[in-house]
Every structure is written in C-alpha cells, then in structure tokens.
Amino acid sequence: MITSQKLKIGLDYHGVVDQHLQYFASFCQFAKQRKHQIHIITGGPKTDVEEYLRNNQIPYDSVFAILDYYQGLGKTEQGSDGKLTVPDHLWNIAKAKYCRRNHIDFHIDDSIKYLHWFTTPFCLYSKQQNKCYLSPGIELDFTKDPNVVLDDLEQINSQKC
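Okay, so the sequence shown: first residue is 50 according to this note's numbering, each after it adds one.
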C-alpha cells in the first residue's frame, strides 16, 4: 500500500462493473480491505443493482442511481412506453454532481458523454482494452492485479494532494 489516505472510488455499473464482473469483484474486495470506499454510480434502478452486487459478492459503500434520485425529487417523466425517464440534461450531470457532493477522488466510467460535467478526476474506461485513461499519459491497466491498480490510484492521488 502506498498511502494511508483512504480513497473514495466511483465505479460505473453498466459498462464497467457488469462487463468484467470477476475483476471488479476482486478490485472492490481489495479496496475495502485497504479501507477505501466504493461508490457504485449508475442509471439504476438501485434495487436491481444492489441485488446484482449482493448476488456476486461485490462489496460497496453506497449505490447512487440517477433514476431513483430524480424520482425522489419528483423530476421524472413517464415515457410513451410507460417507463420513467429523466430529462437528458439532468441525467447527464447527475454523476458529476454526486461525485462533487460526496468528494469522490476518482470516477471510472465507460461513457464519455458525462466527462464534460466532471471536476472529479474521470477515468474513461475501455471495455475492449480493459484500461481507463485519466489524462494523456496516465492510464490504469485493469489487466493487472487489482492490488497493482489500487497502488497506482493511491500513487496518483498522493501526487495530486
């Protein structure tokens, strides 16, 4: 372990955690052993995501689901198919706002459409390469042992402080 500072790591569910289940189950287990927080940040619905995480023994500290959040605020709409929807502008800023409010140190997501709204370091995840890119020249390689990736995150975090 490189630093004693505890990290708050945001992980997108659809496209990240659910794409490499075994890897991210181990990643989350090792992160929790190091006393880091894991925030699963997703579109939702929250109960489905929590059930999946529980069934696959993926430890986490919280699940933030955009749909559930806006439903609680009364800002959802009913689509023509009867499903609840959230206006695009609200949907697209929700993950960034959650990360800012909760002081997330890094967020890992496979969708670049959210990047514009982030002030939190955003790591763009590529399912094909199994890597994510924080900025030019800084990548996390999820083909490596999860402890190595956590070491890398801790090192990057210690350099930004």
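Backbone N, C-alpha and C fix where the C-beta goes; we use that ideal spot for every residue, glycine too.
Within the same chain, Cβ atoms closer than 6 Å to the Cβ of F73 are found at V66, the five residues on either side in sequence being excluded.
Collapsing the DSSP output to three states places T168 in coil. Assignment of H88 by DSSP, reduced to helix, strand and coil, places it in the strand class. Residues of the same chain with a CB within less than 7 Å of the CB of K95, apart from the 5 flanking positions on each side, are V112, A114 and D117 in chain order. Beta-bridge pairing by DSSP links L60 to I89 and I157. K180: member of the beta strand (DSSP E) spanning K180 to S184, first to last residue. The Cβ neighbour count for K176, taken over all protein chains shown within 10 Å, is under 16; the residue is labelled exposed. Within the same chain, Cβ atoms closer than 7 Å to the Cβ of D110 are found at Q86, I87 and H88, the five residues on either side in sequence being excluded. The C-alpha of Q127 lies about 9 Å from the C-alpha of V135.
Within the same chain, Cβ atoms closer than 8 Å to the Cβ of Q54 are found at E203, N206, S207 and C210, the five residues on either side in sequence being excluded. Closest in C-alpha terms to N196, from the list A80, L60 and L70, comes A80. The beta carbons of G64 and S160 sit about 7 Å from each other, so the pair counts as a contact at 8 Å. Taking C-alpha positions only, K57 is separated from K193 by approximately 21 Å.
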